[in-house]
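Residue numbering for the sequence shown follows the numbering used here, starting at 1094 and increasing by one per position. Ideal Cβ positions, reconstructed from N, Cα and C, are used throughout, including at glycine. Treat the numbers as computed from the prediction; the structure is a model and nothing was measured.
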Amino acid sequence: ESTELAKARAEPRTSGRYVDLNGSWKFAWAPRAGEVPNDFEQPGFEDGTWGLMPVPGNWEVNGSGYPIYTNIIYCFQTDPPN
């Protein structure tokens, strides 16, 4: 938007280009890529039967799909998600 805002380290929300994506999004989980509804990406697609997903979020911990985890012990310090 402007180099002045960047140099001043202005808060991103002060930009006219800022879009906050947090919130509730329409969501429908498909176990395989080939099982998604046809044309779901098209404007006007009927998503009235879809549920809501909190964003940011993770669909496995919000009731869709299968949780993925690891039982590997790392040989170095970890600090997810950093």
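Cα-Cα separation between residue i and residue j, rounded to whole angstroms
i     : j     : result
L1114 : L1145 : 14 Å
V1112 : E1128 : 30 Å
W1143 : K1100 : 43 Å
P1160 : L1098 : 41 Å
G1150 : G1116 : 10 Å
Q1170 : N1164 : 15 Å
G1137 : D1172 : 42 Å
D1132 : I1166 : 42 Å
Helix, strand or coil at residue i according to DSSP, with G and I counted as helix
i     : result
P1136 : coil
G1144 : strand
G1127 : helix
R1110 : coil
E1153 : coil
For residue j and residue i, believed in contact at Cβ under 8 Å, the rounded distance
i     : j     : result
S1095 : W1122 : Incorrect: roughly 41 Å between the Cβ atoms, too far for contact.
Beta-bridge pairing of residue i - partner residues as DSSP gives them
i     : result
K1119 : L1145
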